[in-house]
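Step one of this worksheet: look at the structure below.
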Amino acid sequence: MSATLTLIAAVSADGYISRGSGVPWDLPADRVHFRQYTQDKWLLLGRRTYEEMLGWFKPGHHPLVLTHDPKLIVPNGKAVSSVPEALRLAECQRELVCCGGAEIYQAAMTHAHRLIITEVREILGSGLAFPKISKQDWASVSRRSQARDDDHAFSFEIVTYQRIHRMDLAA
Ligand SMILES: NC(=O)c1ccc[n+]([C@@H]2O[C@H](COP(=O)([O-])OP(=O)(O)OC[C@H]3O[C@@H](n4cnc5c(N)ncnc54)[C@H](OP(=O)(O)O)[C@@H]3O)[C@@H](O)[C@H]2O)c1
3 MSATLTLIAA VSADGYISRG SGVPWDLPAD RVHFRQYTQD KWLLLGRRTY
53 EEMLGWFKPG HHPLVLTHDP KLIVPNGKAV SSVPEALRLA ECQRELVCCG
103 GAEIYQAAMT HAHRLIITEV REILGSGLAF PKISKQDWAS VSRRSQARDD
153 DHAFSFEIVT YQRIHRMDLA A
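In this note's numbering, the protein residues as written are 3 to 173.
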């Protein structure tokens, strides 16, 4: 049994996840969603994102960090050199959740089964991009909206996509 690979990301209306460093939005309801979805799960992160998130991890997390440095020490987790290696290590799990950043989303997209995308209604104009979500390959199966309010400078929708398999299309 292999783990389902889920990519979770917050993406601007024009397809960006970051202006270059850090996440460009402060959206409390999205932070809660991210924390709840990733709770007690194995995570796959790029080394840059991992370092940005140091201090955030909880004892139930098991971070697998993609890096060219095999000596990187990852408390309660492990350094990995490829997405397939991470998937092999996570075979014992039901799910492996890929938390970015841009290089890792790019490397993991072809292996992904599910995408959970916070679609933020803001135009960034440039930055680090999330891979294109092709309608031929992905179907949205659920969505939840958050309106703009005093706590949220931008409205957003959290959309779950499942990969469309050829069998589904033939049916
Ligand atoms: N909006 C969102 O949802 C979201 C989510 C996550 C992150 N972010 C943002 O994204 C940005 C970081 O993204 P990023 O693309 O710069 O960095 P990243 O994907 O987090 O990490 C890049 C690092 O991963 C390692 N790596 C990449 N490809 C590899 C490969 N094929 N084999 C082995 N190692 C590989 C390298 O580490 P080494 O240099 O150690 O070899 C590389 O420097 C940050 O600004 C972060 O805040 C946004």
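Quick reminder that beta carbons are idealized off the backbone N, C-alpha and C, glycines included.
(message) Give me the DSSP bridge partner(s) of Gln164.
(response) Within the sequence shown, the letter at position 162 stands for residue 164. Answer is Arg116, Ala141.
(request) Consider the C-beta atom of Val25 and the heavy atoms of ligand 1; say whether any pair is separated by less than 6 Å. (result) One-based indexing of the sequence shown puts residue 25 at position 23. Remark: the shortest separation between the CB of Val25 and any heavy atom of ligand 1 falls under 6 Å.
(message) Considering Cα atoms alone, identify which of Gly22, Pro30, Gly24, Asp139 is closest to Phe158.
(response) The residue labelled residue 158 in the question sits at position 156 within the sequence shown. Closest in alpha carbon position to Phe158, among Gly22, Pro30, Gly24, Asp139, is Pro30.
(message) Tell me which residue opens and which closes the beta strand (DSSP E) that Leu91 is part of.
(response) By one-based count along the sequence shown, residue 91 stands at place 89. Taken as a continuous stretch (DSSP letters only), Leu91 belongs to no beta strand (DSSP E), being part of the alpha helix (DSSP H) at 85-91.
(message) According to DSSP, is Phe59 part of a helix, a strand, or is it coil?
(response) Taking the sequence shown and counting its residues from 1, the one referred to as residue 59 is at position 57. Per DSSP, reduced to three states, the secondary structure at Phe59 is coil, with no helix or strand assignment.
(message) Ser14 and Leu89 - do their beta-carbons sit closer together than 7 Å?
(response) Your numbering for residue 89 matches position 87 in the sequence shown. Your numbering for residue 14 matches position 12 in the sequence shown. Result no, Cβ atoms of Leu89 and Ser14 do not sit closer than 7 Å.
(message) Considering only the alpha carbon of each residue, which of Gln38, Phe36, His35, Leu66 lies closest to Arg49?
(response) Sequence index remark: in the sequence shown, residue 49 carries index 47 (1-based). Out of Gln38, Phe36, His35, Leu66, Leu66 has the C-alpha closest to the C-alpha of Arg49.
(message) What does the Cβ neighbour count give for Ile119, buried or exposed, with the cut at 16 atoms within 10 Å?
(response) Numbered from its first residue, the sequence shown carries residue 119 at position 117. Label assigned to Ile119: buried.
(message) Looking at ligand 1, does it come within less than 6 Å of Leu68, judged from the CB to the closest heavy atom?
(response) As a first step, residue 68 is located in the sequence shown; it is residue number 66 there, counting from the start. Yes, the beta carbon of Leu68 sits closer than 6 Å to at least one heavy atom of ligand 1.
(request) Answer yes or no: the CB of Thr51 versus the heavy atoms of ligand 1, is any distance below 6 Å? (result) Numbered from 1 along the sequence shown, position 49 holds the residue referred to as residue 51. Yes, the beta carbon of Thr51 sits closer than 6 Å to at least one heavy atom of ligand 1.
(request) Give me whichever residues DSSP pairs with Tyr18 in a beta bridge. (result) For the purposes of this step, residue 18 is taken as residue 16 along the sequence shown, with counting starting at 1. Paired residues: Ala131.
(message) With the cut-off set at 7 Å, would you say Thr51 and Gly103 are in Cβ contact?
(response) Against the sequence shown, residue 51 aligns to sequence position 49. Against the sequence shown, residue 103 aligns to sequence position 101. For Thr51 and Gly103, yes; Cβs fall inside 7 Å.
(message) In whole angstroms, give me the CA-to-CA distance for Gln41 and Pro77.
(response) For the purposes of this step, residue 41 is identified with residue 39 of the sequence shown, where counting begins at 1. For the purposes of this step, residue 77 is identified with residue 75 of the sequence shown, where counting begins at 1. Computed Cα separation, rounded: 17 Å.
(message) Does Val76 come out as helix, strand or coil in the three-state DSSP assignment?
(response) Residue 76 sits at position 74 when you count from the first residue of the sequence shown. In the three-state reduction of the DSSP assignment, Val76 falls in the coil class.
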